[in-house]
Structure formats: structure tokens, C-alpha cells
Amino acid sequence: MLNIHNVTKIFNADTPDEKIALTNIDLQLEKGDFVTVIGSNGAGKSTLMNIISGVMQPDIGQVKIGGKDMSNLPEYRRSQWIGRVFQDPMAGTSPSMTIEENLALAYARSKKRGLRLGVTNKRRAIFREHLLKLGIGLENRLNAKVGLLSGGERQALSLLMATFTEPQILLLDEHTAALDPSRAELITRLTKQIVEDFHLTTLMVTHNMEQAIRLGNRLIMMDKGRIILDIKTADKQDLTVEKLLHEFEKIRGEKFVDDRVVLGS
Ligand SMILES: Nc1ncnc2c1ncn2[C@@H]1O[C@H](COP(=O)(O)OP(=O)(O)O)[C@@H](O)[C@H]1O
Ligand SMILES: [Mg+2]
18 MLNIHNVTKI FNADTPDEKI ALTNIDLQLE KGDFVTVIGS NGAGKSTLMN IISGVMQPDI
78 GQVKIGGKDM SNLPEYRRSQ WIGRVFQDPM AGTSPSMTIE ENLALAYARS KKRGLRLGVT
138 NKRRAIFREH LLKLGIGLEN RLNAKVGLLS GGERQALSLL MATFTEPQIL LLDEHTAALD
198 PSRAELITRL TKQIVEDFHL TTLMVTHNME QAIRLGNRLI MMDKGRIILD IKTADKQDLT
258 VEKLLHEFEK IRGEKFVDDR VVLGS
């Protein structure tokens, strides 16, 4: 479903600020894979997401989605195949528009041509059904301006907007990090439910190791622009935070590593 081949990304090449953000990244995801991604600040996680979604182009290498080469396809052309949720609850939704207008926009984005904006009764019923499944009462607030929602509610709506059109790839970039623990737990639970219901192929960046272990069928650890650990289904089942830290120690050649070392800057 997703095929990343030999991707390298260098910022400010040939200047004193040169930064190699990604080095020879190879990654293949099968349909329905739910991959959690961890790694320190600056490891290249967001850059990888940006390259998959077409926000930026790699200097070397290639991204394919569903077998289709994405090279030179800009972000807006790829958005019909990709759903994305960011850390900032404000990023995924438009505050001055209502819940149903936001959903209509997400629906239009998933269509190949034109901006099909209208909210028909049939479509409204579909929106309400999807909102109902979130279980937080948004189905009764279709005409509420999104700017009036709480951060958790907005992030739940962002998640729905990114997923209800069943994209080929779902990209989640620390999408629970800005929320308080109980709201983060809600969004995590909804994420698991939606990914499983729609069988979505998902890459989820998280700074929470325990969550990275608990969710999904595969775990990737990034460090300094490389994938340094890739743990698949069978091995992931008996993974613990201790084992993960131990693996990191072995790779880095460091002793007494704790989760702050792995996840910090
Ligand atoms: N637009 C940019 N211009 C210059 N450097 C960037 C840019 N985006 C990211 N970087 C650098 O690339 C590296 C990887 O960043 P990023 O992918 O955001 O890491 P992560 O998401 O794992 O914390 C960092 O050193 C960061 O400073
Ligand atoms: Mg990041």
C-alpha cells in the first residue's frame, strides 16, 4: 500500500545550516498495517510524513501509494489518498465553519475533481452517523461553529475528517500530544476503533512508548534520520518498554538509557 524507497532529505544543502533529516529510508506497508513510530526530537519523523503527503519532495528516492508513483504530485493532488492529523487541534479544521461544513470539505477533498461542497440531506445523514460513532454528542451539533469546540472535540472531528472517506494511508503526527491525559486517552481509543473499523493503513507518530507498544501491529524507531528498529507482529506482542530501551542501548552503544533519552532531544 505504501512503498518508500531509498528516501533521503537534506535541508539547506551546501550551506553551514545543512541538515540531513532522512537518510536512505526504506519502508513498505501492507494494506491494514498499523505502524507506530517513535524517536527523539529531530529524528526525522515529521519530515517523513511531509514527504509521504507531498508537502515536500525528497532529494533522493521515491514514494509509491497503492503502487502509484507519487513523485511530482503536489500535496493537494495526493490528498484524495491520504488522511492526516496533526498535533495542533486547530490545524485540521476550519473554526469559522460548522461541523457539517467541515465534513463536507473533507468529503470534497477525497473526490477526484471539483469542489463538491453542498450538504444534501442524504450526506447530512451520513455525517450524523459517523459523528454518532465518536460517542461525544457531536451528532447533535452539526450546525455549531467548530471554533466553539474544545481541543479534544476538535481533534476527534479532525480524526473523523481524515478517515471517514477511507483514505489509502492515514498519517497521525503526535495527534494526542497537545491534549490533557483524559482527552488524549479518548482520541487514542477512537483512533484504534476507526483504524480497525476501516482497516486503514496507518503510520502513527507518538511520544508515548507504552502506547506505541500497545497499539498497532508494527513498531518503528527512528534516530538521526534513520529507521534503527523495526519490530513486526509476532515480536511486537511480547515487547515491553524495558526491552525497547535495551534494544536502543545496544544500537546506540550507550548504557543506562531511559525513555527520556529515546524520546527527548
Ligand atoms: N523545513 C525545514 N527546514 C530546515 N530544517 C528542517 C525543516 N524541517 C525539519 N528540519 C530539521 O530536520 C530534522 C528532522 O526534523 P523533524 O522531521 O521535524 O523531526 P521529528 O519530527 O522527528 O522531531 C531536524 O533537525 C529539523 O530541525
Ligand atoms: Mg515531529
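Reading the sequence shown from the start, the letters are residues 18 to 282 in the working numbering.
Glycine included, C-beta positions come from ideal geometry on N, C-alpha and C.
Since we're looking at a predicted model, the values are computed, not measured.
Residue from the options with nearest C-alpha to residue i
i    : options                   : result
K85  : R95, D76 and T53          : R95
Q185 : R101, E266 and D105       : R101
K239 : E117, T193 and D247       : First, the residue type needs correcting, since residue 239 is Met and not Lys in the sequence shown. Checking every option, the nearest Cα to that of M239 belongs to D247.
I99  : G154, H263, M114 and Y124 : Y124
P198 : G168, G109 and M178       : G168
I77  : M66, K26, E191 and E146   : K26
G242 : K260, T64 and L236        : T64
T115 : L262, L203, L174 and E213 : L174
I143 : R171, V163, L220 and T182 : T182
E227 : R277, I245, D214 and E271 : R277
L122 : G71, N41, M87 and T180    : T180
V24  : D190, S88 and L256        : S88
M221 : D214, N41 and A229        : A229
For residue j and residue i, believed in contact at Cβ under 8 Å, the rounded distance
i    : j    : result
T223 : I55  : 6 Å
I211 : Q172 : At roughly 13 Å, the Cβ-Cβ gap does not stay under 8 Å, so I211 and Q172 are not in contact.
Backbone secondary structure at residue i - three-state DSSP
i    : result
H22  : strand
A179 : helix
L217 : coil
I27  : strand
T137 : coil
V72  : coil
T205 : helix
N58  : coil
K253 : helix
I244 : strand
Status (buried if at least 16 other CB within 10 Å, exposed otherwise) for residue i
i    : result
T110 : buried
G131 : Because G131 carries a pLDDT of 49, less than 50, the predicted location of this residue cannot be relied on, and the following value inherits that uncertainty. Burial call: exposed.
L165 : exposed
K62  : buried
M66  : buried
* **Residue list, Cβ distance to ligand 2 heavy atoms smaller than 7 Å** => K62, S63, D190, E191 and V222
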